[in-house]
Amino acid sequence: MMQMPMLVSELIAHAARYFSDVEIVSSRPDQEEVHRYTWLDCEVRARRLAHALAGIGVEQGERVGTLAFNSYRHLELYYAISGSGSVCHTVNPRLPLEQMAYVISHAQDGVVFFDVELFEHVVKLAPLCQGVRAWVCMADEASVPVGSGLPLLCYETLLASGSDAYEWPQLDENAGSCLCYTSGTTGIPKGVMYSHRSTVLHAMSISLPDVFNCSASEIILPVVPMFHANAWGLIYAAALVGAKLVLPGSRLDGFSLHKLIVSEGVTFAAGVPTVWLGILDYVNEQRLGLANLQRLLVGGSAMAPSLFEAFGALGVEVVHAWGMTELSPVGVAATLLPKHALLSREEQLRVLAKQGRPPFGIDVRIVDSEGRTLPHDGAACGELQVRGRWVAASYFDVDESPLQEGWFPTGDMGTIDSDGYVDLTDRKKDLIKSGGEWISSITVERAAAEHPGVEVAACVACVHPKWVERPLLVVKLREGSDVRASELRAFLGARLTSWWVPDDVVFVDQVPVGATGKVDKRALRERFADFLSR
Ligand code: AMP
Numbered sequence: 001m002m003q004m005p006m007l008v009s010e011l012i013a014h015a016a017r018y019f020s021d022v023e024i025v026s027s028r029p030d031q032e033e034v035h036r037y038t039w040l041d042c043e044v045r046a047r048r049l050a051h052a053l054a055g056i057g058v059e060q061g062e063r064v065g066t067l068a069f070n071s072y073r074h075l076e077l078y079y080a081i082s083g084s085g086s087v088c089h090t091v092n093p094r095l096p097l098e099q100m101a102y103v104i105s106h107a108q109d110g111v112v113f114f115d116v117e118l119f120e121h122v123v124k125l126a127p128l129c130q131g132v133r134a135w136v137c138m139a140d141e142a143s144v145p146v147g148s149g150l151p152l153l154c155y156e157t158l159l160a161s162g163s164d165a166y167e168w169p170q171l172d173e174n175a176g177s178c179l180c181y182t183s184g185t186t187g188i189p190k191g192v193m194y195s196h197r198s199t200v201l202h203a204m205s206i207s208l209p210d211v212f213n214c215s216a217s218e219i220i221l222p223v224v225p226m227f228h229a230n231a232w233g234l235i236y237a238a239a240l241v242g243a244k245l246v247l248p249g250s251r252l253d254g255f256s257l258h259k260l261i262v263s264e265g266v267t268f269a270a271g272v273p274t275v276w277l278g279i280l281d282y283v284n285e286q287r288l289g290l291a292n293l294q295r296l297l298v299g300g301s302a303m304a305p306s307l308f309e310a311f312g313a314l315g316v317e318v319v320h321a322w323g324m325t326e327l328s329p330v331g332v333a334a335t336l337l338p339k340h341a342l343l344s345r346e347e348q349l350r351v352l353a354k355q356g357r358p359p360f361g362i363d364v365r366i367v368d369s370e371g372r373t374l375p376h377d378g379a380a381c382g383e384l385q386v387r388g389r390w391v392a393a394s395y396f397d398v399d400e401s402p403l404q405e406g407w408f409p410t411g412d413m414g415t416i417d418s419d420g421y422v423d424l425t426d427r428k429k430d431l432i433k434s435g436g437e438w439i440s441s442i443t444v445e446r447a448a449a450e451h452p453g454v455e456v457a458a459c460v461a462c463v464h465p466k467w468v469e470r471p472l473l474v475v476k477l478r479e480g481s482d483v484r485a486s487e488l489r490a491f492l493g494a495r496l497t498s499w500w501v502p503d504d505v506v507f508v509d510q511v512p513v514g515a516t517g518k519v520d521k522r523a524l525r526e527r528f529a530d531f532l533s534r
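Quick note on our numbering: the sequence shown kicks off at 1 and runs consecutively.
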C-alpha cells in the first residue's frame with residue numbers, strides 16, 4: 001500500500017476540494033450579523049496565513065499560542081499553524097492569569113494570537129511573558145487597539161502579506177500539531193502534545209456512527225471551546241466529513257445559542273452540562289423549541305439523567321461521552337447496541353446515562369489499588385485506565401512518564417460491564433470516604449438533580465470528627481423554588497443508601513465553575529471543609 005502521512009492539512013484540503021461550498025458561520029462579538037464563508041475560503045486563507053507565519057519567523061516545531069474563542073479566524077489558525085509544521089498551542093483564557101502566563105512561558109510561545117475581546121488579558125500577560133516577540137490581534141487594522149506600547153500585529157494585515165500559492169508541506173505524521181494544557185484543576189497545568197497522526201485518527205474515530213455519527217448532512221455547533229481539548233476534535237471531524245460548522249464566539253448564554261441553533265439549522269451541538277442547563281432554562285421560560293437540533297453531545301462532567309428527559313421532551317437526543325485532555329479527548333461514548341432496542345425507554349436511558357463504550361483504537365480497563373486488573377462485570381469498581389493511538393504517553397517537556405504498565409491512569413473511578421460500557425462513580429479525589437467506606441459524589445448529585453427544585457447540585461467531603469469524612473450537598477435552586485434542606489434530605493433518603501445521604505445541605509446563589517465550565521469541586525471542598533465540624 002502507499003505510504004502517506006496522516007496530516008492535519010489533509011483535513012482542510014479535503015474539505016476545500018470536496019465540500020468547497022459548505023458554510024462556516026461565526027458569531028461576532030460586536031455585531032448582530034454573523035460572518036459566513038466556505039471551507040474553500042477557509043483553506044485559501046489558512047494557506048496564506050501559513051505562508052505569512054514563515055514571514056514573521058515562525059519555525060517548524062515552534063509553538064504558536066492562541067488566546068481565542070470559537071471563530072473562523074481561530075479555525076484558520078488551527079490549520080495554518082499545524083499545517084505549516086508549527087504547533088498550535090490553545091491557551092484557555094478562563095485560567096487564572098498566572099496559569100496563562102505559566103503555560104505560554106512553558107510552551108515557549110514566540111507569537112501569540114488573541115481575540116480583541118481578550119486584549120485586557122494581553123496587557124497583563126505581556127510583562128509576564130517576555131519570550132513572546134509578537135502579539136497578533138485577530139481583527140482588521142481598524143479594530144487593533146492602539147497606544148498600548150505592546151508589539152502588536154494585525155491579523156488581517158499579516159494574512160494579506162501571505163501568498164495563496166503556498167502549498168501544504170509534507171510533514172512527519174508523528175510531529176506535534178497541537179498543544180493543550182490540562183485545565184489545572186489538579187495542580188500545575190501539564191501540556192499534552194497531539195501529533196498529526198493522533199489528531200487525524202481521533203477525528204476519523206469520533207465521526208463513526210456509534211460514536212458521534214458525524215456526516216456531511218450535519219450542521220455542527222461546537223459550544224465546547226477550541227481551547228478545551230480542540231473542541232473535542234469536532235473542528236477536525238467537521239472538515240473530515242464536510243459538515244457545516246457553526247462557531248459561537250464568546251456568547252454562550254441561552255438566548256445567543258438558541259438564536260444560532262434556530263437561524264443556522266444546527267443539527268448537532270456539543271458542550272459541558274452547565275451550558276445545556278442554561279439553554280434548557282431559556283427555552284422552557286420562553287416556551288420555545290430547538291428547531292432542527294437532533295442531538296446534543298454532553299461531556300466534560302457527569303450528566304444528570306434528568307437532562308435526557310428534558311431534552312427528549314424537546315425532541316433532542318442526548319449523547320453522553322467521556323474523555324480527557326490527555327485522550328485528544330474522546331475515550332468512550334454512550335450509544336445503544338442493537339440488543340438494547342428491545343428494552344423499555346427507562347432501561348435504555350440507564351444505558352445511555354453511562355459514559356459509554358470505547359471505539360476502535362481505544363482500550364479500557366479498571367484496576368484496584370494494587371494495580372490488579374478487575375473484571376468487566378459492571379460491579380467491580382476500580383481506577384479507569386486507557387491506552388490507544390490518541391492517548392498521551394507523556395506530558396510535554398516532563399521526563400517522568402505517567403503510564404503504568406503501558407496504560408494511562410485516568411484518576412477516574414468506575415465500573416465496566418461485559419459490553420464495555422464504562423460507568424464512572426467519581427474522580428479519585430472526589431470520592432468521599434466515610435468511616436472507611438466510599439461514597440460516590442456523582443451518584444448523590446445525580447439523585448439530587450432529579451428533584452425539580454434543584455438546578456445544580458455538588459456533593460463534597462467535609463471533615464467529620466467520627467467518620468473522618470461525611471458528604472455535604474451544595475445546591476443552587478431553580479428560580480422560584482423554596483425547597484428546604486430537610487425536604488431534600490428526605491428526597492435523597494428515598495433514593496440512596498441511608499449513609500450516603502449528605503449530612504447537610506447548603507444553598508448558594510452560584511456554584512463556582514472552573515476554567516472549562518465544570519463545577520469547581522476543589523473550591524467547594526476548600527470552602528466547606530470544616531462545615532460539619534464548626
Ligand atoms: P479535562 O481534561 O479538563 O477534559 O478533564 C477530564 C476529566 O473530566 C475526566 O478525567 C473526568 O474526571 C471528567 N469527565 C469528563 N467527561 C466526563 C463524563 N462524561 N462523566 C464524568 N466525568 C467526566
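For glycine and all other residues, C-beta sits at the position ideal for the given N, C-alpha and C.
Cα-Cα separation between residue i and residue j, rounded to whole angstroms
i: R470; j: A447; result: 17 Å
i: T186; j: Q348; result: Any answer about T186 is weak, because its pLDDT of 47 lies below 50 and its placement is not dependable; what the coordinates show is given next. Taking the straight line from one Cα to the other gives about 34 Å.
i: P225; j: V513; result: 15 Å
i: S84; j: D140; result: 23 Å
i: S401; j: T38; result: 42 Å
i: A165; j: F114; result: 26 Å
i: Y282; j: V34; result: 21 Å
i: R63; j: L327; result: 20 Å
i: Y18; j: I12; result: 10 Å
i: P93; j: A515; result: 8 Å
i: V364; j: D399; result: 25 Å
i: M4; j: A107; result: 29 Å
i: L424; j: A243; result: 31 Å
i: L257; j: E370; result: 46 Å
i: L150; j: G233; result: 33 Å
i: E23; j: A239; result: 11 Å
i: P375; j: L260; result: 45 Å
i: P169; j: L7; result: 10 Å
i: V298; j: G147; result: 43 Å
i: V330; j: R357; result: 11 Å
i: V116; j: F69; result: 10 Å
i: V192; j: A458; result: 29 Å
i: V506; j: G453; result: 14 Å
i: E76; j: C42; result: 6 Å
Closer than 8 Å: residue i CB and nearest ligand 1 heavy atom
i: T90; result: no
i: L297; result: no
i: I235; result: no
i: G191; result: no
i: I366; result: no
i: R94; result: no
i: A16; result: no
i: W276; result: no
i: W390; result: no
i: T443; result: no
i: S9; result: no
i: P329; result: yes
i: Q99; result: no
i: T335; result: no
i: Q355; result: yes
i: E326; result: yes
i: G420; result: no
i: S301; result: yes
i: K244; result: no
i: H320; result: yes
For residue i, the nearest candidate out of the options (CA to CA)
i: R350; options: L95, L488, R387, E309; result: E309
i: R295; options: N230, L221, H121; result: L221
i: A229; options: L260, Y181, E218; result: Y181
i: P305; options: T443, R522, D30, A80; result: T443
i: E32; options: A54, L314, R251; result: R251
i: G480; options: S71, C129, R73, E285; result: E285
Short CB-CB distance (under 9 Å) between residue i and chain D
i: F396; result: Checking the listed chains, one finds no chain D in this structure; it contains a single protein chain.
Would you check if the region 90-109 and the region 277-297 touch, i.e. whether three or more CB-CB distances between them fall below 8 Å? Output reads no: the region 90-109 does not touch the region 277-297.
Counting pairs of Cβ atoms below 8 Å between the region 38-49 and the region 256-274, do you hit three or more? No: the two stretches stay apart, fewer than three of their Cβ pairs being nearer than 8 Å.
Contact between the region 402-409 and the region 430-444: three or more CB pairs below 8 Å? The region 402-409 vs the region 430-444: no contact.
Could you tell me whether the region 377-392 touches the region 412-429, using the rule of 3 or more Cβ pairs below 8 Å? With three or more CB-CB distances shorter than 8 Å, the region 377-392 counts as touching the region 412-429.
Contact between the region 483-492 and the region 516-528: three or more CB pairs below 8 Å? The region 483-492 vs the region 516-528: no contact.
Quick check: the region 485-499 against the region 516-524, are at least 3 beta-carbon pairs closer than 8 Å? Short answer: they don't touch.
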